[in-house]
Each structure stands twice: as C-alpha cells, then as structure tokens.
Amino acid sequence: MDYLTEWTESGVDEELTQLNVIPLDGYRPLDYLLYADTLPRLNTGRLSEPILNRYKHLYDGGWWCSGIDILTGNPDLWGCFKPIKPRLTSDQSKCIKYEHPPNTPMGIFALRISRTIWERIAQKYAVEINSSDIQPHQPDLGFWRWVICHPELPLCITEGAKKAGALLTAGYIAIALPGIHGGYRVPRDQYGNRIAKPALIQQLQQFSVQNRKIYIVFDQDTKPKTIKAVNSAIQQTGYLLSQAGCSVYIVNWNPQFGKGVDDLIAEQGQTVFDQAYQTATPLETWKAFSYNRLNYSPNIDLNSRYLSDIKIHQNAKLIAIKSPKGTGKTKILETLVQEALEKKQWVLVIGHRIRLIEALCQRFGLQYMKSAVETPNSAFGYGLCIDSLHPNSSIKFEARDWSNGLVILDEVEQVLWHGLNSETCQNYRVSILKSFKTLLQNVLGGGGQVVISDADLSDTSIDYLTALSGIHLQPFVIQNQWQPSPDEAWTIYNYLGNTPDQLVKDLEQHIAEGGKPFVCLSAQKLASQWGTRTLETYLKTQFPDRSILRIDSESLADPTHPAYGSIANFNQQLISYDIVLASPSIETGVSIDIQNHFTSVWGIFQGIQAENSVRQALGRIRENIPRFIWMANRGFNQVGNGATSMSSLLGSGQRLTRLNIRLLQQSDFAGLDDLGIGFQSESLVCWAKMAVRFNAGMDHYRETILTALAGEGHQIIEVPEAKKIPKNAIKSTQKFQTKNSERPTLNELILAVKDQNYQAESLAVIHSIDLSDCQYYSLQRKLSKTPEERRAIRKYELKLRYGVAVTSDLIAKDDQGWYEQLRIHYFLTVGRPYLMGRDALIARRLMEQGQGNIFAPDFNRSQLGAMIGIMELLGIPALLKNQERDLKNTDADLQTITEIALKDRSAIKTITGIGLAKNSSPITILRRFLDKIGYRLTCVRCQSEGKKRVRVYRVIDPQDNREQIFQHWLKLEGQYPCQLDTTIPENNFISTPFQFTPDYIQLSLFNS
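Numbering (full-length UniProt numbering), first residue to last: 1 to 1008.
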C-alpha cells in the first residue's frame, strides 16, 4: 500500500499528507534518522557497522513524516519513519512499527497545514486570521504561531502523526506525541536515578497557557496492561498541563468503534468523534473514575463464559475475583465455603442488604444472623449485614472471637461503601470499622482467608483491605475478561427524553400485547411518581387481569405480602406473575435464571442509586432478553461537597472538621483532639476514593451508565422522544387494541394515582394505633413488620418530632424535608442559645459509641454550628425579623453580602451544600439560603432607578404554624435536650449558650 492511500484511509486530507509525508527507500531513510552526533562512528565519520546492521531493514523503504519545529518555526529535523518491513524488539516479542531518530530528544508532530484547513479551523472557532499571521509561501509556520498566541483555541493531543492529521482534517487543532509518555520528561542522572520532578517538554510548554482547553485523545485499548500504561500517561501529562493552568479533558469512545481516533473517524464518521469530543471528561472527573479500575496483575486470567473449577494457591490469603455478572462467581464462593466447612473452619458472610445475605446463606447452608450456638444443627458460622458488625448489635459480634476462618464479601464494592457511608451505619460506624479491622487482622494475619468478589472489583477495595490487615500481602487475583458475543450481548434501548413518559407508554403497549416485563425502579416511596408503589397501582388499574408482584424493602419484610420470604424460592415464585416491579432492594445478589417467562427488562433510574447499582439491577435477569431503560441526565445525590477531586473533598472536609472542633471548644467541650478525629486514615482514604467516583457518576449519570454498559459489550440503541420501539424488538403474543377515546395524559394519570395512594396512606397513618414508648422500641427491633405496624411507628415518630397532632398536611411536609428546614430555622432564631449544646451532645454520643474516636465525615454531617454561622454572617436572621423590607439587587448591604458569599463559594458549598454560580445575584443568593428554612422571596413590584428597571422583592413567611412546634422544642430543652437529634436523650446534660460571631467563621474557614 502506498503512503497516500494509507493516510487517506485514515481520514487525512490528501494535500495535508503531501505536505508532511514523503516516501524513502535505499540509503535515504538513514539520512533522515541517523543524524545524531552521539551515534557511534568510525574515524572516517561513517556510522559503525552495528548501527548500520540494526537499521538495514530500512533499505526496503517506507514513509517519513515530520512537521514544524514549534521552538524555532523552521521545518522539523525530527520525525518518524514507518518501514515497509519493520524489525522486532531484542526479545523478538514485538514489532517496532515506527522508527524515530536515535540518541535524539523526542519532539512532537505539529504538521504543516494548508491555507484551506487553517481557514476552516478559524471559522469553526470564530478567531480571525490577521495578515501578519500568514507567511506567503509557508502558511503552516504562521498557523502554529497563531495557535500559540490565541489561548482561547482548544488543542487536541494524540499519539501518532496520522491521528493528528485525521483530527486536523476534521477541523480540530491537533498535535501528536510519538508515544503516550512523550509529553513530559523525568530528569535522571547518569545512573538512571530520578533527580527532579517530571516536567512538560518545551514544545508542549508553548501551548500550555492559562485557561487553554486541552483534550487528550489517546487510543481506546482493550488490553489491561496497555490500559494501565495509557492511564498512567494521561494522569501524569494531565496533571502537568493542569498545573500550567490549562483545563484538561479526556476524550473516550467505545473501543468497538475503533482503537485510534483515525480509525474512529474513518469507520464511524466524524459525527461520532464530534459527540465524543463534546462529552469529554474533565481530568478531575476522569481521575475519580480511575478509582473504578483494577490494575493488579491477575494470577489467573480467564476469558470464559462461566467460571469453572479454579485452583487457588493454598497459601493465598486475600482472594479477589473479578468476573462479569452472571458468570458464576457465587458458584465459586459456594465451593470455597463447602471446603471450609468440611475442614471444620467457621465461615462469615458479610453483606450490605438483608435479602442478599439471606440468599447467599441459603446457598451456602448457613443461617442469617444466627450462630451455631443458637441453632445447634446449623453449620459453623453465619451471615450478617455489615451494619451489625459490632458488639452492640443484636448478634453481639465480637471480632476478637473470630480467627483462622473464611470471610466472604460478595459485591464487595457496595458492601464497603455501605459500611463507610450509609446512614444506617452512622451511629456505630467507628465500632463497625474497628471490628472490621480486627477481623481482617485476625484472619489475614493468621491461618484464614478473605474472599472478595465483584463484577466491578477495583484497586480501591483491594488496597483498603490490604491496608486494614496491617501486613504485607499480595492478593490472589482471578480476572475473567469475558464479554458477550454480538449474539449474546443485551440489546438495550435507551430512551432520551427528559422524563420516562415514553418508556412507560411503550411498557403499557408491551403488556397489552401479552408481554411479561421485569421492571427495575429506583424508588419505592408513595411520594415518588415513578416508584414501585405508584406504578403497581397504575398498572393494576390498566391491566386488572394481570398478576403483579411488587418487590421492595417493605413488601419483602411484610409477613402479609406475597413477596415475603420469596427470596428462598425466587425463581419458582416469579413464574406465577405476569409483571414484576423491583426496587434496589434486590439489585445485587439475586440470580433470576427463569427461561422463556419474562419477555423484557425495563428500568427507570432517576439518579438516586449509584451507576454500578443500575447495571447490577439490569443484570438480575440472566436471560438475554431486550432491555429498555430511561435514566436522568444527572443524579441528585452527592457526598460531601460533591467534589470529584480527592484533594478537594478531603481538604474541604478537614477544614470543616477543624472549624467544628473549635466551635465545640467555645462551649467548654473537651476530649476531641486530632487523635480522636484522625480515626483510621485508611478508612477515610477509601471513603474519599469511593465518594469522588460516586460524585463523578452522579455528575454524568446517563453517560456513565451507558459507557459502562457498552464497555461490558452490550449494544445500545437510542430511542428518541415520541418514537416507538421496533415492533419485532419484543416477544408478543397478541395484538394491542387501541381505543380512539380521549384520555388524560400519562403524566396526569400517574400523578393522580400517586396522589390517591398518598392520601390513602396518610389517612391510614393518622388512624393507626398510638404506641407507648415500650411498644415502639419493641416494634423497631422487629425485622418483619406489617403495614399496620409500620404506620404506627411512623405516627409515633411524627408525634415525637413535632409535638402536634398528626395530619395529612404534617405527613406531606415531613416527606418534603420540613423537619430539616425547621431545625435550621429553630437554631437560627429562638433555639439559638441551645445550638452549641445540641452539637456538643451529638459529638459526645459519637465519641462514646466510638470509644473516643469519631469518623470525620459523620462528625461533620452531624454538626449544625457552621451552617448557622454562615447564615448569620449573611444576615439571614435580620431579614426574618424585618420581613416588610424591600430587597433589590442594587442594595449596598446585599451587594456586600454577595461579595462575601462569592469570594468563598467552595466553603459555603462544603458547609451548607449550597452551590453558587460565579455570577449569582444578591437575590439569587438570598433565595438559596431562605430555601434552607422553607421561606421564599416574591417580587412585589418593579421600579425605575435611573434608566434601569429594578425588581423589588420581599420575604414571604410560610405561615405554617411552625412557632407552635418551636415552643414545644423549647419546653423539651430543659428536660431532654436535643432528644430529637440523638438516639437516646441524656437527662442531666445542660445546654450551654454560645455567641457565634461572623468574624470567627471568616477567620476559621474562609481565610484558611
């Protein structure tokens, strides 16, 4: 193949190719490559024989490419040669496709371009070309000077000259490195020792100016070793570019579309790359996603549809299994458990969801939360949720009693995240983490084993468990890289609308045609428009003759519901139902192996659960039937301040921790020091890694899920709004008969169902029995509760919280977060003298439960002092006292407040969760803070100020009788201070007033 054809097939403009590429044969390649003075030569100046022999393969010819020397503006002497007959590496293992001048510093490919391409790029980015930029006969020289002088022009960095040519042809400014690590140098001495920090090469420094956007466009490889090297290069190059002030983005695409960007453009078209470019991932977000990767070299590397008998080294301590969903990971665990039991070893199975652990225990022949002492005929060991891994749980777990056995952590990524961040673990988190660390030290430091498995297993989990063990150990990694063939891959129809209306319409049509869907939903509460309860009622109304099973945490724990106990014989149970609606309660650990019953899987994912949980839910049905999904563009959950940078998340958290400690010390609180707050740094680091990747997934929710599904080998088909799915996509058994009669919209029908259900449930709560304290605590301890018991508990808690009669209005407000709003308002006003007492009491309780230690994220979440201090600093209490005041964006005091708020936006986000745009107006800022307490601003009129029309606002009191509740809380302060914010009230604790000054907040956090 000649060079023109090769470059043209890679999507490069022919004129650009001719400007930069020339064919060479015979001795001519040596003249271009072997010019370094340091090459070994004879006295005559002729190159030595060994050098000539090394490069004799060049005589058969090839092509040479070089561009412009960015540093001088002259044609570049450095370049690359692609021989027709490449040589092999010294170990004969790899072909060297490209040759670069030896003993010469690597450069970059800044290709010569035509005037046509330059003008096309200038027009694309709306940047003018001045006559002084253009060299009459060499426009390419002026082009790169023009790029360097215009930092607003984005730059793509790729690997290989052809790829740069393809990008330039497509209208993108692009330079190429000779290799992925070619953008920086690591200074070393003559012995190869590193003597200084890595630094960008001089050529890249010319482009690396403040605020320039730089896009890294490297190959999308599929080999783990290559992926690891590429990621390392991106991280180092991206870091150096960002240190220079650039905004760095990483461009990714599905490797199935092409390995290199030239392949992508040539085979899929420029539009596909345009989309990848527009959705490029910011460097910090990309780094957050890097915590999802597994870089450990596997001891057993498989590519198998099912995991078969695996021989694990007998001395292996930490066994890590990464294998796709539905490939038989649980079968391997089952074998390991049986081997342990035969050897009379105890087995402990730890999970994060009750139903998951129950299902695993059933397969393993163990009891859930029942020891061999309680059930003499059971196997030695049991299963439990990580929430119960502490001495105060109902199982009274004592880590020191367990050693030399087998610990199983299935779905380990979610188990660890649950243990580190879930609200259900918060009260006893320190105790749980201490027990977990002791358990791992006993097992891994003794004669036991820990087995972890996850389809999404990452370095993060392995590193954390290794750190907790306190010993140096090498994990035994089993990695199965199997991906489904095109025939085995799921066909996934992705609905693109802003709401799932179209998906639900198509779901209705599918059911009417005789389809039997399995529907995955991300919510169960009655207040959710697309939750299990609402859709169950709606579908029962539409299809009264169809049997529907709702599976969520309530139905699974309700002895009167058909779903109760179904996990024990799940596959047999589900055959009896035409429609199944499932919440995240069974997103993991359940394998539904039914064949030829369900005809499709549907999913509505509103941005509540993590992206890996979504993929887990879709994989519960093992049969290869079509999947139909709708996802929110962005999730609305976040951890900490929502940062996707570990340094930002941990740094802001540490500053807030120090502030909270200093505030407590002002109320004579003692005992909390750096030692107590610095509990288990390894747990904090793991929490941060998992938190930033969670936040990154929420920021790019739909995109992240789709990318991961495509990475698993599945086929994604987009379904635009109002477009029906293909008729042959779903198994159908009968024709769907439509009616021409008019009917309300789907959204109106769903909302009507939701409201009707909600009102009925509210009335049921109101009319439920009144519990005594004793009855309440007794019911709370029950794992299984009837609907009547759940309603009675809800009524008791509402009366305890508010001290007023329970009404439908109160229930609705409580579901909408009214309690949190009222607590902030209370401590901002009449309850202000008791604020520090409240915070100190909660801190003391956390310390007691942690035996002197506190997990910093929990501590920060529990404190309100900094939040109230910020609101006082911004003058919110004064506005509440003077609600008749007119407020305008032009008011001098409001502008001063705005200046303070915008100066420290990141601190405000960390403390209050309120994110402010850089150009937020005074009214916008006030409105965001008033939302925190349930107040609002309304425009009362417009007036003229000079030549401008200005809107005038006033604060609107919600008129919700909250003062009555505040009086109830004030009465409780003397008797049971802060009982509403703690599990058990302490009668003898007296709240201590403390004057919170704005200056203190500024000095403590804002200027730190």
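Beta carbons: idealized from backbone N, C-alpha and C, even for Gly. Since the structure is predicted, the reported quantities are computational estimates derived from the model, not experimental observations.
Which residue wins for smallest C-alpha separation from residue i, given the options the options?
i: Gln680; options: Ile432, Gly245, Val415, Thr72; result: Ile432
i: Arg429; options: Asp506, Arg845, Gly619; result: Arg845
i: Ile354; options: Thr44, Glu554, Glu413, Val217; result: Glu554
i: Leu19; options: Leu4, Ile51, Thr912, Leu30; result: Leu4
i: Thr560; options: Thr786, His825, Ala866, Lys888; result: Thr786
i: Pro154; options: Ala617, Val127, Lys525; result: Val127
i: His418; options: Val443, Gln441, Val407, Ser388; result: Ser388
i: Asp931; options: Pro958, Ser944, Tyr953; result: Pro958
i: Trp602; options: Asn612, Lys516, Ser645, Ile677; result: Lys516
i: Asn292; options: Lys85, Pro484, Lys689, Ala122; result: Lys689
i: Gln481; options: Leu406, Gln345, Ser297; result: Ser297
i: Asn695; options: Val504, Gln775, Glu611; result: Glu611
i: Gln426; options: Phe289, Gly913, His100, Ala843; result: Ala843
i: Ile769; options: Arg801, Ile750, Val806; result: Val806
i: Gln235; options: Ser645, Asn74, Thr438; result: Ser645
i: Asp891; options: Ser921, Gly448, Glu536; result: Ser921
i: Gly640; options: Tyr172, Phe109, Ala359, Gly913; result: Gly913
i: Lys197; options: Gln203, Arg188, Leu204, Gln205; result: Arg188
i: Gly470; options: Gly497, Leu457, Ile592, Leu439; result: Leu439
i: Cys95; options: Ile84, Pro105, Ser522; result: Ile84
i: Gln256; options: Gln268, Ile250, Cys246; result: Gln268
i: Tyr796; options: Pro475, Leu864, Val765; result: Val765
i: Trp63; options: Ile811, Thr17, Leu52, Asp69; result: Thr17
i: Ile300; options: Ile175, Lys311, Ala691, Thr898; result: Lys311
i: His313; options: Leu556, Ile478, Leu416; result: Ile478
i: Gln123; options: Phe81, Glu152, Gly171, His100; result: Gly171
Under the rule that 16 or more other beta-carbon atoms within 10 Å means buried, what is residue i, buried or exposed?
i: Lys735; result: With a pLDDT of only 40 at Lys735, under 50, the local geometry of the prediction cannot be trusted, and the value read off the model is given with reservation. Exposed, since its Cβ has fewer than 16 Cβ neighbours within 10 Å.
i: Tyr538; result: buried
i: Arg791; result: buried
i: Leu874; result: buried
i: Asp401; result: exposed
i: Leu1003; result: Because the pLDDT of Leu1003 is 37, which lies under 50, any placement of that residue in the model is unreliable, and the number read from its coordinates should be weighed accordingly. With fewer than 16 Cβ atoms within 10 Å of its Cβ, Leu1003 is classed as exposed.
i: His700; result: buried
i: Gln780; result: exposed
i: His767; result: exposed
i: Ile984; result: Per-residue confidence for Ile984 stands at a pLDDT of 32, beneath the threshold of 50, marking its modelled position as unreliable; the derived number appears in the next sentence. Per the 10 Å Cβ criterion, exposed.
i: Leu860; result: Sequence check: residue 860 is Asn here, not Leu. Result: buried.
i: Ala568; result: exposed
i: Asp309; result: exposed
i: Glu413; result: buried
i: Asp219; result: buried
i: Leu783; result: exposed
i: Asp506; result: buried
I'd like to know whether the C-beta of residue i is nearer than 7 Å to at least one C-beta of chain C.
i: Tyr776; result: The structure shown contains no chain C, having only a single protein chain.
Could you check how far apart the C-beta atoms of residue i and residue j are, in whole angstroms? I think they sit under 8 Å.
i: Phe364; j: Val337; result: 4 Å
i: Val248; j: Gly238; result: 5 Å
i: Leu822; j: Arg962; result: 6 Å
i: Gln542; j: Glu508; result: 6 Å
Exercise for the section: Taking only runs that begin and end inside the stretch 281 to 359, name each unbroken alpha helix (DSSP H) of 4 or more residues, in chain order. Expected result: Entirely contained in the stretch 281 to 359, the alpha helix (DSSP H) runs reaching 4 residues are, in chain order, 283 to 290, 329 to 342.
Problem - Runs of beta strand (DSSP E) lying entirely within the stretch 586 to 631, each at least 3 residues, in chain order - result: Correct list: 600 to 605, 627 to 631.
Problem - Segment contact, 8 Å Cβ cut-off, at least three pairs: the stretch 484 to 496 with the stretch 714 to 722 - result: They touch, by the three-pair rule.
Practice task
Take every Cβ of the stretch 29 to 36, pair it with every Cβ of the stretch 158 to 167, and state whether three or more of those distances are shorter than 8 Å.
Solution key: Touching, no.
Exercise for the section: Within the stretch 512 to 582, note down every full beta strand (DSSP E) run reaching 3 residues or more, in order along the chain. Expected result: As for any beta strand (DSSP E) of minimum length 3 sitting wholly inside the stretch 512 to 582, the runs are 517 to 521, 548 to 551, 579 to 582, ordered along the chain.
Problem - the stretch 442 to 454 contacting the stretch 309 to 320, beta-carbon criterion three pairs below 8 Å - result: Yes, the stretch 442 to 454 is in contact with the stretch 309 to 320.
Problem - Sequence ranges, alpha helix (DSSP H) only - wholly within the stretch 732 to 818, length at least 4 - result: When DSSP assignments are scanned along the stretch 732 to 818, the uninterrupted stretches of alpha helix (DSSP H) that are 4 or more residues long and fall wholly within it turn out to be 746 to 766, 773 to 780, 787 to 802, 808 to 815.
Handout entry: Complete runs of the alpha helix (DSSP H) confined to the UniProt domain "DUF3854" (143 to 271) [at least 4 residues]
Key = Fully enclosed alpha helix (DSSP H) runs of 4 or longer: 161 to 169, 202 to 207, 224 to 243, 261 to 268.
Problem - Continuous alpha helix (DSSP H) assignments of at least 4 residues falling wholly in the stretch 883 to 943 - result: Entirely contained in the stretch 883 to 943, the alpha helix (DSSP H) runs reaching 4 residues are, in chain order, 892 to 903, 905 to 912, 922 to 931.
Practice task
Could you say if the stretch 894 to 914 and the stretch 962 to 975 meet the contact criterion of at least three C-beta pairs nearer than 8 Å?
Solution key: Because the criterion of three Cβ pairs below 8 Å is not met, the stretch 894 to 914 and the stretch 962 to 975 do not touch.
Practice task
For the stretch 567 to 583 and the stretch 517 to 529, state whether three or more C-beta atom pairs, one from each stretch, are separated by less than 8 Å.
Solution key: At 8 Å Cβ cutoff, the stretches touch.
Problem - Stretch-stretch touch, CB-based, cutoff 8 Å, three pairs: the stretch 627 to 638 with the stretch 654 to 669 - result: Taking 8 Å as the limit for Cβ pairs, the verdict is that the stretch 654 to 669 does not touch the stretch 627 to 638.
Problem - contact_flag[the stretch 947 to 957, the stretch 881 to 897] where n(CB pairs < 8 Å) is 3 or more - result: Because the criterion of three Cβ pairs below 8 Å is met, the stretch 947 to 957 and the stretch 881 to 897 touch.
Problem - Stretch-stretch touch, CB-based, cutoff 8 Å, three pairs: the stretch 110 to 118 with the stretch 44 to 60 - result: A contact is defined here as three or more CB-CB pairs under 8 Å, and the stretch 110 to 118 fails this definition with respect to the stretch 44 to 60.
Practice task
Output the residue ranges of the alpha helix (DSSP H) runs that lie fully inside the stretch 483 to 513 and measure 4 residues or longer, sorted by chain position.
Solution key: As far as the stretch 483 to 513 is concerned, its whole alpha helix (DSSP H) runs of at least 4 residues are 501 to 512.
Exercise for the section: Flag this pair as touching only if the stretch 144 to 160 and the stretch 172 to 181 have three or more C-beta atom pairs under 8 Å; answer yes or no. Expected result: Segment contact: the stretch 144 to 160 against the stretch 172 to 181, three or more CB-CB distances shorter than 8 Å; contact assigned.
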